[in-house]
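Trainee:
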Amino acid sequence: MDDKKLIFSAIQPTGTFTLGNYIGAVRNWAPLQDQYNCIYCVADMHAITVKQEPAKLRQNTMAAYALLMACGLDPEKSILFIQSHVPTHALLNWVLCCNTQFGELSRMTQFKDKSQKHPDDVNAGLFTYPSLMAADILAYNADFVPVGVDQKQHLELARNIAQRFNQRYGDFFTQPEPYIIDVGAKVMSLQDPTKKMSKSDENPNACILILDDKDTIIRKFKRAVTDSEAEVCYREGKDGINNLMAIYSCVTGKDFAAIESEFAGKGYGDFKLAVGEAVADHLEPVRTEFDRIIADKAYLKQCYTDGAAKAFKYSQRIVSKVYHKVGFVDR
Ligand code: ATP
Ligand code: LTN
1 MDDKKLIFSA IQPTGTFTLG NYIGAVRNWA PLQDQYNCIY CVADMHAITV
51 KQEPAKLRQN TMAAYALLMA CGLDPEKSIL FIQSHVPTHA LLNWVLCCNT
101 QFGELSRMTQ FKDKSQKHPD DVNAGLFTYP SLMAADILAY NADFVPVGVD
151 QKQHLELARN IAQRFNQRYG DFFTQPEPYI IDVGAKVMSL QDPTKKMSKS
201 DENPNACILI LDDKDTIIRK FKRAVTDSEA EVCYREGKDG INNLMAIYSC
251 VTGKDFAAIE SEFAGKGYGD FKLAVGEAVA DHLEPVRTEF DRIIADKAYL
301 KQCYTDGAAK AFKYSQRIVS KVYHKVGFVD R
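Heads up: the sequence shown begins at 1 in the working numbering, then just goes up one per residue.
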């Protein structure tokens, strides 16, 4: 590769992407492809940290890969692959686990949330999830990692792991920087706007899926929980309206002042309808493109096979150096 900076990011195939995944992460990935070398993956190994039905996981993984392409990721421009196809991630993970502290992992809010949500399956993979995520990033020595704000803590841990490794074994890993957008980095649930919108929410009205049809999208926005006032304005405490304004701003490009004047004197009903329509229109091309791509299984397979080969070749150089640095005998 040339001397452009390197971008790495990933998404779990735990279900269809939500509007949160799209606005906070995935839609920002395509525009980076011209300026940077980009590597993106479907993190199926992370997905099994919570129980997955095998057939469903396979189907979701293929769909996630096709959705990334439908969101503009081009396998000719970026390296686009499935995590479990590239063994270097697991190989590096072990070394990084041995450079991650129990205390650090215990402080991760995602671990605390997910172990509370699945008390019957608090497995070691769920606990060491951030070390594997660090391995994903450090196996390529990525410079920037575009993610939603909920992943910031994991990225800070990845930076600490890199730093600790460098101190022990000599300067080697690049410190990856988070790349987080200003508006939309945390899209909130439509049913409880104090919680983030999440793929794995049980309440289907809480999240917009990017493959939802127009009527469904509008219906979900109409039911969005707001407050008992009537003024469309961005203010502390108006979590529901603030969330809808952020979403509307992200899909229309209008700033908050413009949105406030557009809806001055109008009620929440009009506003919710406008947000629903704008989001549905914005997502329409993604849905059409997804239908086209998912239908061509042979092409998809060729793309993810080529992607994995390129990712392996790139990361193997780095991981072999790591293995040498920690004192493993060269093969
Ligand atoms: P799960 O519910 O299975 O934990 P998730 O919806 O949180 O999944 P991930 O695969 O963990 O999705 O995240 C993929 C990317 O989407 C990450 O960069 C993450 O920061 C971002 N993201 C997830 N949810 C939101 C959200 N509500 N708002 C903004 N960005 C988000
Ligand atoms: N944990 C991330 C998904 C993920 C990721 C990564 C993101 C796995 N590996 C590497 C950035 C870089 C999440 O979004 N839940």
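All residues carry an ideal CB built from backbone N, CA and C; glycine is no exception.
Because the structure is a prediction, the values reported are computed rather than measured.
Which same chain residues end up closer than 6 Å to residue 199 when comparing Cβ atoms and leaving out the 5 residues on each side of it in sequence?
Mentor: By one-based count along the sequence shown, residue 199 stands at place 199. These residues qualify, in order along the chain: 14, 15 and 18.
Trainee: Among the candidates 69, 272 and 87, whose CA atom is the shortest distance from the CA of residue 241?
Mentor: As a position in the sequence shown, residue 241 is number 241, starting the count at 1. The shortest Cα separation from residue 241 among 69, 272 and 87 belongs to 272.
Trainee: Does the distance from the C-beta atom of residue 33 to that of residue 77 stay below 8 Å?
Mentor: Position 33 of the sequence shown, counting from 1, holds the residue named residue 33. Position 77 of the sequence shown, counting from 1, holds the residue named residue 77. In contact: residue 33 and residue 77 (Cβ atoms closer than 8 Å).
Trainee: Measure from the alpha carbon of residue 274 to the alpha carbon of each residue in 295, 251, 10 and 311, then state which is nearest.
Mentor: Within the sequence shown, residue 274 is the residue found at index 274, counting from 1. Ranking the options by Cα distance to residue 274, first place goes to 251.
Trainee: Taking DSSP as the reference, what is the three-state secondary structure of residue 8?
Mentor: In the sequence shown, the residue the question calls residue 8 occupies position 8. Residue state, collapsed to three classes: strand.
Trainee: Grouping DSSP H, G and I as helix and E and B as strand, with all else coil, what is residue 242?
Mentor: Translated into the one-based positions of the sequence shown, residue 242 becomes position 242. Residue state, collapsed to three classes: helix.
Trainee: Beta-carbon within less than 8 Å of residue 46's beta-carbon, same chain only, minus the 5 sequence neighbours each way: which residues are those?
Mentor: Here residue 46 refers to the residue found at position 46 of the sequence shown. Counting only Cβ-Cβ distances below 8 Å, and skipping sequence neighbours, we find 10, 12, 83, 129, 132 and 133.
Trainee: So is residue 71 buried or exposed if we call it buried at 16+ other beta carbons inside 10 Å?
Mentor: Within the sequence shown, the letter at position 71 stands for residue 71. Result: buried.
Trainee: Taking 7 Å as the cut-off, is the beta-carbon of residue 9 closer than that to any non-hydrogen atom of the ligand LTN?
Mentor: Translated into the one-based positions of the sequence shown, residue 9 becomes position 9. Flag set: Cβ of residue 9 near the ligand LTN.
Trainee: Is the separation between the beta-carbon of residue 137 and that of residue 187 shorter than 8 Å?
Mentor: Working through the sequence shown from its first residue, we reach residue 137 at position 137. Working through the sequence shown from its first residue, we reach residue 187 at position 187. Result no, Cβ atoms of residue 137 and residue 187 do not sit closer than 8 Å.
Trainee: Would you call the segment 101 to 112 in contact with the segment 152 to 168, where contact means no fewer than 3 C-beta pairs closer than 8 Å?
Mentor: yes
Trainee: What's the C-alpha gap between residue 215 and residue 290?
Mentor: Translated into positions along the sequence shown, residue 215 becomes position 215. Translated into positions along the sequence shown, residue 290 becomes position 290. Residue 215 and residue 290: Cα-Cα distance of roughly 18 Å.
Trainee: Using the Cα positions of residue 308 and residue 51, report the straight-line distance between them to the nearest angstrom.
Mentor: Position 308 of the sequence shown, counting from 1, holds the residue named residue 308. Position 51 of the sequence shown, counting from 1, holds the residue named residue 51. Cα to Cα, residue 308 sits roughly 25 Å from residue 51.
Trainee: With DSSP as the reference, identify every bridge partner of residue 80, one or two as the case may be.
Mentor: Position 80 of the sequence shown, counted from the start, is the residue given in the question as residue 80. DSSP, once it has assigned bridges, lists 40 as partnering residue 80.
Trainee: For chain D, find out if any of its Cβ atoms is closer than 8 Å to the Cβ of residue 144; answer yes or no.
Mentor: No chain D appears in the structure shown, which is made up of a single protein chain.
Trainee: Would residue 263 and residue 255 be called neighbours here (beta carbons separated by less than 8 Å)?
Mentor: Stepping through the sequence shown from its first residue, residue 263 is reached at position 263. Stepping through the sequence shown from its first residue, residue 255 is reached at position 255. It is not a contact, given that the beta carbons lie outside the stated cut-off.
Trainee: Using DSSP bridges, identify the partner residues of residue 45.
Mentor: Numbered from its first residue, the sequence shown carries residue 45 at position 45. Bridge partners of residue 45: none, in fact.
Trainee: In this structure, how does DSSP classify residue 186 when only helix, strand and coil are distinguished?
Mentor: Position 186 of the sequence shown, counted from the first residue, corresponds to residue 186. Residue 186 falls in the coil class under three-state DSSP.
Trainee: State the DSSP-derived secondary structure class of residue 16, mapped to helix, strand or coil.
Mentor: Here residue 16 is taken as the residue at index 16 of the sequence shown, counted from 1. Reduced to three states, the DSSP call for residue 16 is coil.
Trainee: Flag residue 25 as yes when its Cβ comes closer than 7 Å to any non-hydrogen atom of the ligand ATP, and as no otherwise.
Mentor: Here residue 25 refers to the residue found at position 25 when the sequence shown is read from its first residue. Answer for residue 25: yes, Cβ within range of the ligand ATP.
Trainee: Have a look at the DSSP bridge pairing and note the partners of residue 178.
Mentor: Locating residue 178 in the sequence shown gives position 178, counting from the first residue. Partner(s): 145.
Trainee: Do the segment 49 to 65 and the segment 18 to 29 touch if we need at least three Cβ pairs shorter than 8 Å?
Mentor: Not touching, per the Cβ criterion.
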